Structure formats: C-alpha cells, structure tokens
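Per my numbering, the sequence shown starts with residue 29, numbered consecutively.
Every residue, glycine too, gets a C-beta built ideally from N, C-alpha and C.
Just so you know, these numbers come straight off a predicted model, no measurement behind them.
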Amino acid sequence: MSTSAAPSSASSSSSPRPSRRRLLAGGAGLALGASAGALVPSAPAAAAEPASAALFPLKPPHLLEAETLVDYLRLRADQWDHNRYDAAGEDLGETAVTWGRPGHPEEFENLSQCASFMTLLLQRTYGAGTAYGWATRAYFDQYFPRKDGRPRASSSQPTAEDLQAGFRNAADVPHFDPVTKPVNLRPGDIVAWDYDPGARSAPYTGHTVLIRAYLGTYPSSVDDQLGIPGVVPHLFQIIDCTSNPHGGPTLTSRASIDRYRAHPDTRATVTDGPDVVYDEKNGVGYGHMVFYAHPDTSLFAGYRWSLNSSSPEPAVAEPVSGRKQIAAGRVNAFVV
C-alpha cells in the first residue's frame, strides 16, 4: 500500500515566498501532527511516542509472512494455477502452502482452506526451526483439538470451529491473548467463527481471517437486519483463503460496482464493456469485510461478508453455554 499527498502552493507578490523547509515545518507538520493525534491517545509531550510509531506501525511476523505469500503469488502470470482453495470433493492434492525464495514468485504455492492456511502460516512463522519454536503439531492438537473430541488425522489441520473454540478460551492458550471487541482488533489478529455452534457441520465448519488493517466504521442500510438498534459496523481489510471472494457486486447497480471497486478483493475483478463482467477466482488473497459490535457491550454482534452483502450474519449464541460463535486471538509470540 502507498500513500501520496498533493502539495498545494500559493504565493503573493506582496509577501516573500516561504522556504521548502518552512512549509514542511508549518502546514505539512500540522497535518502530520493531526494524523498522528487521530491514531494515538493524547498524552503529555514528554511521554509521547515518536510519530513514526503511529505512522509506521510494526507488523507481527506472521502478517509479514502472509503478505509475502499473497504478493508473490500475485506476481505469478499463472497465479490461479498455483493459488487455489482446496474444495471438498475435488481431487486437487494434499493441502500445502509453500513460501519460495525472495525474488522467485514461481516457487510460491497455495492449496489450502481458511483454517489450514492460518495454521500453516503460524507453523511457518513460529514453528520448529524458527526463533520461537512453539507452533508445532503437538501445540495445535493440545490447545485447538477437534470439537468432537476425536483424534485428528496426521495429515489434517484444525478447522475453523476448532480455532474459534480455542480463541474463545484464549486466556488459557499459550501464545494467544483474547480479543473480544471488533474495535480492539489490530493487524495480525485472527478472527474465527463457527457456522453451527450447536453441532459439527463438516466439511465446512466456519471461517477464519487475518486482520490486515482497520478502516473505520462503515454504516449500511442493511445493518438493521441484525435486529440490534445502534449496532456498530467496523470495516477491516483482511487476508484469508476462501472459495468465495469478498465482493459480489450487483452488476446492474453502478453504486454497487463503485462500492466494490473502492474496497475490492484481489481474487475478483469487474470489467466494463458492452456488458459489465464480474470474474472471481479462489485461493488466498486480500479482501474487505465488516465485523459488528453491540452498541452496549462493544462485543462481537455479527459480521458481513462484504460491503455488497445484503444480509449480515448475527453472532449466534450456543444453545447451552450462550457463548458467541465469533472469537478472536492475538498472537503473543514470546509469552508462554
């Protein structure tokens, strides 16, 4: 991502022209100060963090690895032959994600589902042979076991519902901290939800995404369908592996098309012509979606798959415990 600013210059013949140094220290400096102030709480000047901490926030290692994979795959001319969602019932081969060497996009491969991509990402970043060493097969079997209690096959990974159950109890899971409110989600946080909290719903049990950026609130006329007056829609850019990109514009609606183009998905394109064409692929990529917060508690109240989704999905409570189906965790790599 890049940002640009269009400088404006105005001069008067009756006053000296300000120097470039003065401009940078004056109006430009005020603009940067306002931006930084919007990103961090106000504090005494002596205790304030450098502006760079807000303008150039550090990314957690697994987010860097995820972006590296997505961006190198996008450089491949034949990306969609090597970046695919491992759909149930299709004989595509064994789930695998491969990070190649720097400068060699042809070595990067992805064949996974949402949860297996997330697990393999964590294993690459924090697993055996890394400086961290905790994200092993034994770790996931212990702290993210199968929901039904049965042993996990040696070739399988935790499902979305397994990750959701672990994040729901993240305070008891080493190397993860719980995140209970959408407004508190940060880049690198992982959100998982269970489609059917009361039962195991194979082969697709839910979904999981990696937060890439928080983009503020994004109200829509469909928000009231959640049945919670005042619900707060928080918009995020996310990374995930999916068979259904976060797009879905209505091709007869210019507003819907423009909305998609303003918040697109790397796996889908809209092409103008005599007939507007929407083409989508599957695999790992960047997209946008909304997580709703309850107006009273700020806890997860639901989600919307994309900005063009006409029906938001509520955070359904489990029939016995009442626990919500959406849960999020923040990697705490060094703390046991």
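Check your understanding: Just to check, is the beta-carbon of ASP300 closer than 6 Å to a non-hydrogen atom of the ligand NAD?
Key -> Within the structure as shown, the ligand NAD is missing, as the structure has no ligands at all.
Review point. Can you list the beta strand (DSSP E) stretches of 3 or more residues lying completely in the segment 136-181, in chain order?
Key: 137-140
Check your understanding: Residues in its own chain within less than 8 Å of PRO247 by CB, not counting five upstream and five downstream?
Key -> PRO261
**Study point:** TYR223 - containing alpha helix (DSSP H), residue span
**Key:** Neither: TYR223 is in no alpha helix (DSSP H) and is coded neither H nor E.
Check your understanding: For VAL201, which residues of its own chain have a beta-carbon under 6 Å away from its beta-carbon, when the five flanking residues on both sides are left out?
Key -> TYR171, GLY194
Review point. DSSP state of VAL68, grouped into three classes?
Key: A caution first: VAL68 carries a pLDDT of 39, below 50, which makes its placement in the model unreliable, though a value can still be read off. Correct three-state label for VAL68: coil.
Review point. Between THR280 and LEU238, what straight-line distance do the alpha-carbon atoms span, to the nearest angstrom?
Key: 32 Å
Exercise for review: Please work out which residues of its chain come closer than 7 Å, Cβ to Cβ, to ALA94, disregarding the five sequence neighbours upstream and downstream, and give them in chain order.
Suggested key: LEU149, LEU238, ILE267
Check your understanding: Roughly how many whole angstroms lie between the Cα atoms of GLY157 and VAL298?
Key -> 42 Å
Exercise for review: Less than 8 Å between the CB atoms is what I'm expecting for THR164 and HIS90, so what's the real figure, rounded?
Suggested key: In fact, because the Cβ distance is near 15 Å, the residues do not count as touching under 8 Å.
Review point. For ILE285, does the three-state DSSP call read helix, strand or coil?
Key: helix
Exercise for review: Report the residue ranges of all alpha helix (DSSP H) runs contained in full by the segment 264-341; include only those spanning at least 4 residues, in chain order.
Suggested key: 282-290
Practice item. Please name the residue, chosen from PRO257, ALA283, LEU254, ALA290, that lies closest to PHE264 on a Cα-to-Cα basis. Key: ALA290
Review point. For GLY258, which residues of its own chain have a beta-carbon under 6 Å away from its beta-carbon, when the five flanking residues on both sides are left out?
Key: PRO323
Review point. Per DSSP, which one or two residues make a beta bridge with ASN111?
Key: ASN138
Check your understanding: Residue range of the alpha helix (DSSP H) that ASP190 falls in?
Key -> 188-196
Practice item. Give the range of the beta strand (DSSP E) segment to which TYR242 is assigned. Key: 234-245
Exercise for review: State the DSSP-derived secondary structure class of ALA105, mapped to helix, strand or coil.
Suggested key: coil
Review point. Going by alpha carbons, who is nearest to ALA241 out of LEU213, ASP251, LEU327?
Key: LEU213
Point to revise | Cα-Cα separation between TYR232 and VAL304, rounded to whole angstroms | key: 32 Å
Review point. Does DSSP put ALA355 in a helix, in a strand, or in coil?
Key: strand
Check your understanding: Thinking C-alpha only, which one of THR126, GLU135, GLU341, GLU118 is nearest ARG104?
Key -> GLU135
Practice item. Have a look at LYS209, ASP205, PHE328 and flag the residue whose alpha-carbon is nearest the alpha-carbon of VAL359. Key: ASP205
Check your understanding: Who are the Cβ neighbours of GLY330 in its own chain at under 6 Å, not counting the five residues just before and after it?
Key -> LEU254, TYR320, PRO340, GLU341, PRO342, ALA343
**Study point:** Local conformation of ASP217 per DSSP, three classes
**Key:** coil
Practice item. Using the Cα positions of ARG178 and GLU122, report the straight-line distance between them to the nearest angstrom. Key: 21 Å
**Study point:** Bounding residues of the alpha helix (DSSP H) (the contiguous stretch that carries ALA81)
**Key:** 79-83
Exercise for review: Compare the beta carbon distance of GLY216 and PRO88 with 7 Å and say whether it is the shorter of the two.
Suggested key: yes
Practice item. Starting from the C-beta of TYR100, find all residues in its chain whose C-beta is less than 6 Å away, skip the five residues before and the five after it, and write them out in chain order. Key: PRO133, PHE136
Review point. Which value, in whole angstroms, describes the spacing of the CA atoms of SER334 and ARG174?
Key: 29 Å
Exercise for review: Return yes when the Cβ of GLY313 is within less than 7 Å of the Cβ of THR367, no when it is not.
Suggested key: Since the first residue shown for the chain is 29 and the last is 364, residue 367 is missing from the structure and cannot be characterised.
Exercise for review: Evaluate ARG129 with the Cβ neighbour count: other Cβ atoms within 10 Å of its Cβ, from every protein chain shown; 16 or more gives buried, anything less gives exposed.
Suggested key: exposed
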